[in-house]
Amino acid sequence: MPYGRRLTPLARLLVAGVAFLVMLIVVAVVFFVVVVSTGVNSGAEVSNPPASVQTVQPSPSAVTGGWTYGD
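Residue numbers (numbering that gives the first Met the number 0): 0 to 70.
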């Protein structure tokens, strides 16, 4: 029985340590998933404005061409 009493606190520490590590791993995985999801969304959003800018650039060129043609 003395060994059981001595191991009980140790077992509690081990359980607490394992639970803490599991919680850290879960938080890290969730954080990683959120960051990746946000990064993908941000990448798509960032990629879209350059496409819009490129689409807008030909329009001023066409307008400038029109002005040149008018002159």
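We put the CB at the ideal spot given by N, CA and C, even for glycine.
CA-to-CA distance, residue j to residue i, given in whole angstroms
i     : j     : result
Val29 : Ala15 : 21 Å
Leu13 : Thr7  : 10 Å
Ala33 : Leu9  : According to the sequence displayed, residue 33 carries Val and not Ala. Between Val33 and Leu9, the C-alpha separation is close to 36 Å.
Phe19 : Phe31 : 18 Å
Ala35 : Leu23 : Reading the sequence as shown, one finds Val at residue 35 and not Ala. C-alpha separation (whole angstroms): 18 Å.
Arg11 : Gly38 : 40 Å
Ala27 : Val21 : 10 Å
Helix, strand or coil at residue i according to DSSP, with G and I counted as helix
i     : result
Gly16 : helix
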